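> This structure is in structure tokens; I'll ask about it shortly.
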Amino acid sequence: MTTHRNLDPYTFFADKALNHKPVHAFKGKTKTDFSRWKKQTLPKVIDSLGHRPDKVKPNAQLIIRWNEDGLIKERWIIDTQQGLSASLILFRPDNLKRGEKRPAILCCHGHSSGGHGKDPLMGLIPKEEYSQHVTSMNYDYGLQMAKKGFVTFAIDWLGFGERASKNKPHFHAQAIGDRDECNINYLCATLMGTTVLAINTHDGSAATDFVASQKYVDADNLGVMGLSLGGTMTTWMALTDPRFKAIDVLCYAGPFYDIAFQTYNVCGSQITPGLHDLIDTPELQGLIAPKPLLIELGMHDTCFHVDHAYGIHYKKLEKIYKAAKAQSQLELDLFPGGHAWGANKSETFFRNHLHAAW
497 MTTHRNLDPY TFFADKALNH KPVHAFKGKT KTDFSRWKKQ TLPKVIDSLG HRPDKVKPNA
557 QLIIRWNEDG LIKERWIIDT QQGLSASLIL FRPDNLKRGE KRPAILCCHG HSSGGHGKDP
617 LMGLIPKEEY SQHVTSMNYD YGLQMAKKGF VTFAIDWLGF GERASKNKPH FHAQAIGDRD
677 ECNINYLCAT LMGTTVLAIN THDGSAATDF VASQKYVDAD NLGVMGLSLG GTMTTWMALT
737 DPRFKAIDVL CYAGPFYDIA FQTYNVCGSQ ITPGLHDLID TPELQGLIAP KPLLIELGMH
797 DTCFHVDHAY GIHYKKLEKI YKAAKAQSQL ELDLFPGGHA WGANKSETFF RNHLHAAW
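Under the numbering used here, the first residue of the sequence shown carries the number 497, and numbering increases by one thereafter.
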């Protein structure tokens, strides 16, 4: 008798994922079902992040301020936690009246920054050849939303831009080599009982603390948006920091089976230990309900394919928002493009939900 055997880890994990049933998969239909599910599930999802860093004083230092594009642009450096700092880019319109306050949007970068982190999405293109990449992906949403009248700001996540070890003049080349810093940082963080997501969400909140303290910022009306890994960060910032009132997720959708176990389209900056044992990605974003959530999907996205991003993920997300009696708070921009910012609804979405009245 022939016995089927498998020696391929890819097949092993893919088969396990295909048949996997998360413990806290949403199965309810009513608002009571949703409220009970969120109360039970959200704390466990947050716990999966591991240890969260303690807050520290920002000790903020202004590096440079300049006027350009009808904006006042600033680069700051702030302390975010013990032993770690971040460079912060902050834009505001240059025509604000005395005492006027504007809503602020945290703009989260993704891998599409080409390793340059926050700078390309804020329109600060470090290399001329990269400008075509920014244009094709409509990637400078931090700059564009500032030109629309919002305050916008961004920092580098671990492993990118000014917080990438490979970008340092004397980095440990022999140890890191050509390995993905996201995965190296994940290994180091989990050995210490934390995660890259715990560190990055903490630092995103530290940056938000600083920006919200500025006299021209309406701290009661904060939004967050981001593409790809930036969409992951946008999702988690919304879950970990209740100050964010409106959330715009760009091209980050699809069940873990498809995006993690089929295409390996995740990294150590996007996961927590045991996360898929708890929930799938539609439930992860469903935990944002009943807050306003805009999901942007490119019909020709080759990273998050529309068949599972819309046909599976968004359809499940709709059911969660419907159960929460928050259907009107969930919006979709299914645009004829690739892995990019659609930019068809973001301005109106944030104006409506952040009470922008200029």
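Yeah, the Cβ is synthetic: ideal placement off N, Cα and C, and Gly gets one too.
This one's a predicted model, so the numbers in the text were calculated from it and none came from an experiment.
What are the start and end residues of each continuous alpha helix (DSSP H) run of 4 or more residues lying completely inside the segment 790-831, in chain order?
811-819
> May I ask you to list the residues that DSSP assigns as paired with glutamate 564?
Counting from 1 along the sequence shown, the entry for residue 564 is found at position 68. Answer by DSSP bridge pairing, in chain order: Leu567.
> Is tyrosine 753 closer than 7 Å to alanine 521 when the C-beta atoms are compared?
Within the sequence shown, the letter at position 25 stands for residue 521. Within the sequence shown, the letter at position 257 stands for residue 753. The answer is no: Cβ separation not under 7 Å.
> Taking the alpha carbon of proline 738 as the point to measure from, which residue in Lys662, Leu783, His500 and Cys763 has its own alpha carbon closest?
Taking the sequence shown and counting its residues from 1, the one referred to as residue 738 is at position 242. Comparing Cα-Cα distances from proline 738 to each of Lys662, Leu783, His500 and Cys763, the minimum goes to Leu783.
> For the alpha helix (DSSP H) containing alanine 703, name the first residue and the last one.
In the sequence shown, residue 703 corresponds to position 207, counting from 1. Start and end: 692-708.
> Just how far apart, CA to CA, sit leucine 586 and alanine 839?
The sequence position of residue 586 within the sequence shown is 90, counting from 1. The sequence position of residue 839 within the sequence shown is 343, counting from 1. Each residue's alpha carbon lies about 21 Å from the other.
> Mind checking cysteine 684: buried by the 16 CB within 10 Å criterion, or exposed?
As a working note, residue 684 is residue 188 in the sequence shown. When all chains shown are included, cysteine 684 counts as exposed.
> Give me the Cα-Cα distance between lysine 815 and asparagine 634, rounded to the nearest whole angstrom.
To locate residue 815, count along the sequence shown from 1; it is residue 319. To locate residue 634, count along the sequence shown from 1; it is residue 138. Approximately 30 Å, taken between the alpha carbons.
> What's the C-alpha gap between glycine 619 and threonine 499?
For the purposes of this step, residue 619 is identified with residue 123 of the sequence shown, where counting begins at 1. For the purposes of this step, residue 499 is identified with residue 3 of the sequence shown, where counting begins at 1. Looking at the two C-alpha atoms, the distance is approximately 58 Å.
> With distance defined between alpha-carbon atoms, name the residue in Ala820, Thr844, Lys818 and Ala819 nearest to aspartate 829.
By one-based count along the sequence shown, residue 829 stands at place 333. Cα-wise, what sits closest to aspartate 829 is Thr844.
> Rounded C-beta distance between leucine 793 and cysteine 763? I'm assuming under 8 Å.
Along the sequence shown, one-based indexing puts residue 793 at 297. Along the sequence shown, one-based indexing puts residue 763 at 267. No, leucine 793 and cysteine 763 are not in contact; Cβ-Cβ is about 20 Å, not under 8 Å.
> Quick check on DSSP: helix, strand or coil for proline 589?
For this step, residue 589 is matched to residue 93 along the sequence shown. In this structure, proline 589 counts as strand in the three-state DSSP scheme.
> Report the residue ranges of all beta strand (DSSP E) runs contained in full by the segment 608-656; include only those spanning at least 3 residues, in chain order.
647-651
> What first and last residue would you give for the alpha helix (DSSP H) that runs through arginine 532?
Counting from 1 along the sequence shown, the entry for residue 532 is found at position 36. Its alpha helix (DSSP H) spans residues 527-543.
> Between the alpha carbons of lysine 569 and isoleucine 559, how many angstroms are there, rounded?
Taking the sequence shown and counting its residues from 1, the one referred to as residue 569 is at position 73. Taking the sequence shown and counting its residues from 1, the one referred to as residue 559 is at position 63. When rounded, the distance between both Cα atoms is 11 Å.
> Between the alpha carbons of histidine 835 and isoleucine 695, how many angstroms are there, rounded?
For the purposes of this step, residue 835 is taken as residue 339 along the sequence shown, with counting starting at 1. For the purposes of this step, residue 695 is taken as residue 199 along the sequence shown, with counting starting at 1. Distance between histidine 835 and isoleucine 695, taken at the CA atoms: about 26 Å.
> Are three or more beta carbon pairs between the segment 593-607 and the segment 707-717 nearer than 8 Å?
Touching, per the Cβ criterion.
> Around the C-beta of aspartate 803, are 16 or more other C-beta atoms found within 10 angstroms, so that it is buried, or is it exposed?
Within the sequence shown, numbered from 1, the residue matching residue 803 stands at position 307. The residue is exposed, with fewer than 16 neighbouring Cβ atoms inside 10 Å.
> Looking at the unbroken beta strand (DSSP E) that takes in phenylalanine 740, where does it start and where does it end?
Against the sequence shown, residue 740 aligns to sequence position 244. Run containing phenylalanine 740: 740-746, per the beta strand (DSSP E) assignment.
> Taking the Cβ atom as the reference point for each residue, do cysteine 678 and glycine 655 lie within a distance shorter than 7 Å?
Taking the first residue of the sequence shown as 1, we reach residue 678 at position 182. Taking the first residue of the sequence shown as 1, we reach residue 655 at position 159. Less than 7 Å separates the beta-carbon of cysteine 678 from that of glycine 655.
> Between which two residues does the alpha helix (DSSP H) harbouring aspartate 754 extend?
The residue you call residue 754 lines up with position 258 of the sequence shown. Here the alpha helix (DSSP H) through aspartate 754 covers 752-755.
> Pull up the distance between the alpha-carbon of leucine 567 and that of valine 519, whole angstroms please.
The residue given as residue 567 occupies position 71 in the sequence shown. The residue given as residue 519 occupies position 23 in the sequence shown. If you take the alpha carbons of leucine 567 and valine 519, they lie about 48 Å apart.
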